[in-house]
Structures are given as C-alpha cells and as structure tokens.
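Q: The structure's right below; bear with me while I get my questions together.
Protein chains: 2
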Amino acid sequence: MADTDVVRRFNRTYTQRIGALDESFLGLGLPLGLARLVFEVGTSPDGLTALGLRSRLGLDSGHLARQLRSLEERGLVDVRPDPADRRRRVVALTRSGWALRDRLDARSERLAARLVEPLTERQRARLTEALATADLLVRAATVDIRTVDPTEPAAVEAMDSYFAELDRRFPDGFDPGPAEVGDMVAATGGAFVLATSDGGPVASGGIRSLGPEVGEIKRMWVHDEWRGAGLGSRLLRHLEATARDLGHRTVRLDTNRTLTEAIAMYDRAGYRPIERYNDNPYAQAFFEKALDCEVPEGGDKVRRP
Amino acid sequence: MADTDVVRRFNRTYTQRIGALDESFLGLGLPLGLARLVFEVGTSPDGLTALGLRSRLGLDSGHLARQLRSLEERGLVDVRPDPADRRRRVVALTRSGWALRDRLDARSERLAARLVEPLTERQRARLTEALATADLLVRAATVDIRTVDPTEPAAVEAMDSYFAELDRRFPDGFDPGPAEVGDMVAATGGAFVLATSDGGPVASGGIRSLGPEVGEIKRMWVHDEWRGAGLGSRLLRHLEATARDLGHRTVRLDTNRTLTEAIAMYDRAGYRPIERYNDNPYAQAFFEKALDCEVPEGGDKVRRP
DNA sequence: GCCATTCTCTGACTCTAGTCAGAGAACGGC
DNA sequence: GCCGTTCTCTGACTAGAGTCAGAGAATGGC
Numbered sequence: 001m002a003d004t005d006v007v008r009r010f011n012r013t014y015t016q017r018i019g020a021l022d023e024s025f026l027g028l029g030l031p032l033g034l035a036r037l038v039f040e041v042g043t044s045p046d047g048l049t050a051l052g053l054r055s056r057l058g059l060d061s062g063h064l065a066r067q068l069r070s071l072e073e074r075g076l077v078d079v080r081p082d083p084a085d086r087r088r089r090v091v092a093l094t095r096s097g098w099a100l101r102d103r104l105d106a107r108s109e110r111l112a113a114r115l116v117e118p119l120t121e122r123q124r125a126r127l128t129e130a131l132a133t134a135d136l137l138v139r140a141a142t143v144d145i146r147t148v149d150p151t152e153p154a155a156v157e158a159m160d161s162y163f164a165e166l167d168r169r170f171p172d173g174f175d176p177g178p179a180e181v182g183d184m185v186a187a188t189g190g191a192f193v194l195a196t197s198d199g200g201p202v203a204s205g206g207i208r209s210l211g212p213e214v215g216e217i218k219r220m221w222v223h224d225e226w227r228g229a230g231l232g233s234r235l236l237r238h239l240e241a242t243a244r245d246l247g248h249r250t251v252r253l254d255t256n257r258t259l260t261e262a263i264a265m266y267d268r269a270g271y272r273p274i275e276r277y278n279d280n281p282y283a284q285a286f287f288e289k290a291l292d293c294e295v296p297e298g299g300d301k302v303r304r305p
Numbered sequence: 001m002a003d004t005d006v007v008r009r010f011n012r013t014y015t016q017r018i019g020a021l022d023e024s025f026l027g028l029g030l031p032l033g034l035a036r037l038v039f040e041v042g043t044s045p046d047g048l049t050a051l052g053l054r055s056r057l058g059l060d061s062g063h064l065a066r067q068l069r070s071l072e073e074r075g076l077v078d079v080r081p082d083p084a085d086r087r088r089r090v091v092a093l094t095r096s097g098w099a100l101r102d103r104l105d106a107r108s109e110r111l112a113a114r115l116v117e118p119l120t121e122r123q124r125a126r127l128t129e130a131l132a133t134a135d136l137l138v139r140a141a142t143v144d145i146r147t148v149d150p151t152e153p154a155a156v157e158a159m160d161s162y163f164a165e166l167d168r169r170f171p172d173g174f175d176p177g178p179a180e181v182g183d184m185v186a187a188t189g190g191a192f193v194l195a196t197s198d199g200g201p202v203a204s205g206g207i208r209s210l211g212p213e214v215g216e217i218k219r220m221w222v223h224d225e226w227r228g229a230g231l232g233s234r235l236l237r238h239l240e241a242t243a244r245d246l247g248h249r250t251v252r253l254d255t256n257r258t259l260t261e262a263i264a265m266y267d268r269a270g271y272r273p274i275e276r277y278n279d280n281p282y283a284q285a286f287f288e289k290a291l292d293c294e295v296p297e298g299g300d301k302v303r304r305p
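Note that the protein sequences, when read in sequence, are chains A and B. Mapping of the first sequence onto our numbering: residues 1 to 305, in sequence order. Mapping of the second sequence onto our numbering: residues 1 to 305, in sequence order.
Below is the structure:
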C-alpha cells in the first residue's frame, strides 16, 4: 500500500471515529463555533487579541465580532480595548468562562478515555506510541521553512534558544559574544532561515559568505522537542539551496565535538571533514560540501560526491 | 503523558493539519454534503439503496431525499426504484458522477501526497507505519460487540468466513456438517456474539450449554485483517460475561492443534488444559476456565485462578 | 495636525445542514 | 384483501457558519 493510501485510509477511519472528539464541544448548550472560541481563548491565561483569534481560527472579522458579543452576553468572556493599542480588543475568559472551559476539557478527556478504554493495556500502549509518532511527524511535515529577517521576534527567540542550549551543553558554557546574527547576516550578505510551527520557532540556521563562492552554515538549531523528526536534514537542505541561490558553490561549517547527532547528520548529508578554517574557540570539527551537484528530482537523498 | 493526553494532542494536530483532507471535497463547486454523498455512492459500483446511504452517513431521510434530488438535477446520479422492493430506491453514479468522483479522489490523493512530501524517506516510512498501526487499533477499539440472532445476515457471513478459514487451515479440510450455528444456539439455549465494524462482521463466537452450570465456547473467529488488534481477547471476555449471564460457572472449549495463536490467547486468558470432553474429530486440545471470579474493575487483565 | 492604514463593528445577506410532521406507495403476514 | 409496517418524499421550518461592503475609532509616519 502506498504512503498516500495509508494516510487516506487513516483519515477515513479517523474522521469517522476520533473525529467525534470534536463533538465534545457540542452538547453544553453552546454552538460549535462559540465553544471553539472559548477553548481557544482559554489557551492563554491573560486572554488574546481579537486579531490573534482571527488568525488562529481563520475567522472573518465581522463573524468574530458577532461571536464575541454572543459570548459576552452569556457572561463567558470579557472584551475590552487593549491599553497598548486601543484599536485592538483583548478577549479574556470570565470566571464562568473558565468553568465552561473546564467542562469542555473534561468532556474531551472522557471521550478520549472512552476511545482507548476497550483496548487491552498492550494495545493501548501501542496505540499511544503510534499516535505520538504520527503527531511528531505530521507536525514536522507541516513545519513552515522560509528565509526571514533575522531581527523578527520569532527569529530572535530561536537564536536565544540556540545560545541557551549551547551554554547548557558545552562543558565550559557558551558566550555568544558581541556579534549578533542580524549583524552577521547584514554585514556579509547572508541569509537567515527559520522553521516555525503554529507561529513558534522550531528550528533555524544562518548562512554567511566566507568568500565569493564559499558560504558558511552557522548556528543550526533544532528545538529539543522536535528532534528525531528529520527537521535537521530538511533545514540543512533548505540552507544549501539558499546558499546556491546566493551564488555559493561550496558550503562549510564548524561544530563542537560534543554535538554528535549533528555531526552524524552532516555526514549523512554528504559533508566531509576538512582542516580548521577559522579560529572559533568552540569548534573542533570542520566540514565542507560541494553544491555543484543538483539535488535530484523529488529529492530526499543527497548524492554523495 | 497519559494515554488520553496523547490522543487529545494528536487530535488537535490532526484536525489542524490533515483535517484539511476533508476539504478536498470542497472546491469542485459541490457543497461538502453532496460531495460526500457522491464519494459514498461511488464506493459501490452498482450503487446503494437510499437506506444504506442513510445508515452509513447518518442522515435524515428528508434531508437525503433532497440531496439526492439535487445530485440528480446536476446529472451526477441516477435514482431508481429497487426492482426487488419498490419502496426502496437505488442510487448509482452516472458517467459524469464517476468523473466527478475521480476528480475528488485525485484531489484527496494530492493532498495526502503533499502531506508526506516534505518528509525524508525514512520519516515517511515511520509515519505510514504509525498511521497503519493507529488505524488498526482505532478501528479495533470502536468495534461493536453484541449478542445477535445467529440467523441475521452478518452473523451468517461471519460463520461462512469461519468455516472457509478452517477448511483452508486444516490439513484435511473441514466440513461443518449438518449442525448449523442457529440450530445449536436455539436447541441448547446458548448465544451468538458478533463483532462488527462499519456493519461488516470482523469477529464472532458462540456459547452453548453443556450442562446446567457449564457452557462451551464454540466457533470463535477473527477476521484475518483484524488479527493483532486484541480483538480475540475482547471477544473472549465478552463471551465469558455472556456465559455468566446465562448462569454458567465454568466454560470449556476445544480447538485444533494447528490454531496456535488461539491456544496462546486462551492460555493468557486463564484457560487450563483438560481431558477430552467430546468426540469432535477436529479438536485435539481442550480447555476450561472457572468464571466465579468477577472481572476486576476497568478490567483488562484476567486474574489467574 | 494631516492622512493613509489598521482594527473592529454593523447590517444585510447567502448557503448548508439538519429537524419534524405527515402523506403516500409498496410490502408481508395473515 | 386487509392492515400494520417500512421506506421515501414534501413542506415548512431553524440554526449556524460565513461573506461582503462600508462606517467609525485609533494609530503612526510625516
């Protein structure tokens, strides 16, 4: 059975059986749309702006305005202007809004429990393992990878996580020093690539020029919770393509000896060890890869030179 | 993370990302309901009765009548009385109905392909394996197990499959003989338990009385495609509960030596070998279990005596 | 302070799904 | 042939989701 057949078959099964979990939103006297809103507003303790709600749920502004009023009339939410920008409105759950959300939550929990309940313990463990794997991979597959301005908030957040992790992992800690990523990119005509999921950064990496035809991949980072989903390889491929677009024919990178998974990944992707090419005190391993071979069609495999 | 958390988290991921597969039904100028109907009618080359459609999709009869007429007006289906029972109406796709279905199908295929496309080959294989496992287990968890009249069509179908399989597996074939299940159940005050999924039989088994307090489990069968989903154990538990309701304190069963998985399952469920208690020529192994221990609360594990 | 832009709201719609009661045709057992 | 049952259809609804145009308030750059 082809991959797509499995996906489609699962989809069918799923919408018929677990899909009913969504209906947990029904039956509390609230139409589905309003219940979804309550649930979504409740994901943030301090409330959300109407704009944020609209982008999360993809609603029309008129529609949302009406829905919010309806919730307000039922005493479930407070809607008030955002003090920082009074065009915006901030929506927060009231006490009884929270109570309702708890009931929705309990309902959803019960339905999930009812789904796994008939299974034996062994089967249940298999199911949850399969679902967790599928969850990770589906999320990974739908990650959005693109070149961004390194000063935008999500990019800065990504870099902060990166530095924090290096500081944890390196035996003597890590100090990024004064050279910020933005400067690096701006000064050397490079690019910064960010992978996001649900708006939050999950992986990132930069490219800077070492010379006319030589690029350097810097600061590749993958969020802890996203390891093992092939995100690193995809990001690397994306960075290589970006480097090619920038006119490079070779890319280099350096890394710390302690980052063993990263080194294994570079090896799989066709990178070969070279001599030290800079004086980065945190790097002990240096790699290079020629970009002149086109990535093969549909390309997951990277041809080795 | 608890089992239900995994299910719920997955549910969230899923409805956000793969859920869009359903929307493949949109965008061909047909509202979702009608598209679903076209798809459903197209699952059977000769068409379906309106009744069948209603039970599959859970629609109101008035609603369905209107939807069918709308499809008829668009030239997508033919609706005509069932020659066998002219109260019923048979719905079949027209040529352009089939063409539309093909387009819906292609759309769904493309969306599925787009989902797996970003993954590396390795990740893709992991994903499809996880989804296939989840599919089997979710289906298994939502199987409907109940006591039925053994003469009803699904029950007869189950028994036919059972006999056909024995005939394939036994070295010398198998001949059910004149004693039909229905007779057996009726004559001895037993019961027939059927497990169905989507209306089709997936497992079954019978109980008959051997004496006032002794029941016998007969003809347990699990559909080939449903092996490995714990369905046998669940059916067995159900049969035991049924036997208890019939007043039995002990159940026996016999089986053929070649059915090794079944024997292993009986062992796990607490059955112990006993001496031959009948002259069934196809049986070489005989088991018994005392029912007086209550099944523990929430019970998946069967306590061993 | 002006003005284009951003954000929200209102009014006036459309579409789809779905419910309910009841009529009429066909069927099956007697 | 009668009569209760089964199956489908019609009419008359309701509710929810969503679209679109335009008004009005607040903001930020100049």
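Glycine included, each C-beta is placed from N, C-alpha and C at the ideal position. Because the structure is a prediction, the values reported are computed rather than measured.
Here's the rule I'm using: 16 or more other beta-carbon atoms within 10 Å means buried, otherwise exposed. How should P150/B be labelled?
A: Burial check for P150/B: the Cβ neighbour count within 10 Å reaches 16 or more, so the residue is buried.
Q: Who are the neighbours of V112/B on chain A, taking C-beta pairs under 7 Å?
A: The displayed chain sequence assigns Ala, not Val, to residue 112/B. Within 7 Å Cβ-Cβ: T4, V7 and R8.
Q: So what does DSSP say about D60/A, is it helix, strand or coil?
A: coil
Q: If we call anything under 8 Å between Cβ atoms a contact, is T15/A one with A112/B?
A: no
Q: Which chain A residues are close to R208/B, counting only those with a beta carbon under 8 Å from its beta carbon?
A: R208/B does not reach chain A, its nearest Cβ partner there being about 26 Å away, counting only Cβ pairs nearer than 8 Å.
Q: Can you tell me whether R41/A is helix, strand or coil according to DSSP?
A: Here residue 41/A turns out to be Val, not Arg, going by the sequence shown. V41/A: helix per DSSP, three-state reduction.
Q: If Q123/A and G215/B are in contact, beta carbons under 8 Å, what's the gap, nearest whole angstrom?
A: Going by Cβ atoms, the distance from Q123/A to G215/B rounds to 26 Å, so no, they are not a contact pair.
Q: Using 8 Å as the threshold, is the C-beta distance between V193/A and T147/A below it?
A: In this structure, T147/A lies closer than 8 Å to V193/A by Cβ.
Q: Going along chain B, which residues have a C-beta under 8 Å from S233/A?
A: T120
Q: Using only alpha-carbon positions, find the residue among T49/A, E240/A and A158/A that is nearest to A84/A.
A: T49/A
Q: Helix or strand or just coil, what does DSSP make of E297/A?
A: Any reading at E297/A needs caution, since the residue's pLDDT is 42, under 50, leaving its predicted position unreliable; the model's value is listed next. Residue state, collapsed to three classes: coil.
Q: Check whether the stretch 194 to 214 of chain B touches the stretch 154 to 166 of chain B, taking contact to mean three or more Cβ pairs, one atom from each stretch, closer than 8 Å.
A: Touching, yes.
Q: Following the continuous beta strand (DSSP E) through T255/A, name the residue where it begins and the one where it ends.
A: Looking at the DSSP string, the run of the beta strand (DSSP E) that includes T255/A is T250 to T255.
Q: If we define contact as Cβ-Cβ less than 8 Å, is V41/A a contact residue for chain B?
A: Chain B, which has no Cβ nearer than 8 Å to the Cβ of V41/A, makes this no.
Q: Can you tell which of F10/A, W98/A and L136/A has its C-alpha closest to the C-alpha of E225/A?
A: Ranking F10/A, W98/A and L136/A by Cα distance to E225/A puts L136/A first.
Q: Looking at the C-beta of Y14/B, does it have a partner C-beta in chain A at a distance below 8 Å?
A: yes
Q: In terms of alpha-carbon separation, which member of R219/A, R169/A and E117/A lies closest to M191/A?
A: The amino acid occupying residue 191/A in the given sequence is Ala; Met does not appear at that position. Answer by Cα proximity: R219/A.
Q: According to DSSP, is I207/B helix, strand or coil?
A: In the structure shown, I207/B sits in a strand (DSSP, three-state: E or B).
Q: Show which residues of chain A have a CB atom less than 8 Å away from the CB atom of V116/B.
A: D3, T4, V7 and A141
Q: How is E213/A classed by DSSP in three states: helix, strand or coil?
A: coil
Q: Nearest by alpha-carbon distance to R249/B: which of S209/B, T258/B, G75/B and N278/B is it?
A: S209/B
Q: Pick out whichever of V90/B, L104/B, D82/B and S197/B has its Cα sitting closest to the Cα of V138/B.
A: S197/B
Q: Under the three-state reduction of DSSP, which class applies to D198/A: helix, strand or coil?
A: coil
Q: Which of the three DSSP states, helix, strand or coil, is assigned to L48/B?
A: strand
Q: For the candidate residues R268/A, L119/A and Q284/A, whose alpha-carbon lies nearest to that of E275/A?
A: Q284/A
Q: Run through chain B and tell me which residues come within less than 8 Å of G230/A, C-beta to C-beta.
A: L119, T120, R122 and Q123
Q: State the DSSP-derived secondary structure class of D167/A, mapped to helix, strand or coil.
A: helix
Q: From the DSSP output, which residues share a beta bridge with A92/A?
A: D78/A
Q: For my contact list, A92/A and D102/A are in at a C-beta cut-off of 8 Å; report their separation, rounded to the angstrom.
A: Wrong, their Cβ atoms sit about 16 Å apart, outside the cutoff.
Q: Among residues of its own chain, excluding the 5 on either side of V222/A, which ones have a beta-carbon nearer than 6 Å to its beta-carbon?
A: A203, L231 and G232
Q: Check A6/A in the structure and name its three-state DSSP category.
A: The sequence given here has Val at residue 6/A, not Ala. V6/A falls in the helix class under three-state DSSP.
Q: Since Y271/B and K289/B should fall inside the 8 Å C-beta cutoff, what is the C-beta to C-beta distance between them, to a whole number of angstroms?
A: 5 Å
Q: So, is the C-beta of D135/B closer than 8 Å to a C-beta in chain A?
A: yes
Q: Looking only at its chain, what residues have a beta carbon closer than 7 Å to the beta carbon of L291/B, apart from the 5 residues adjacent to it on each side?
A: E240, A243, R244, H248, R249, T250 and V251
Q: Return no unless some Cβ of chain B is closer than 8 Å to the Cβ of T128/A.
A: yes
Q: In the DSSP assignment, the beta strand (DSSP E) including D144/A goes from what residue to what residue?
A: D144 to V148
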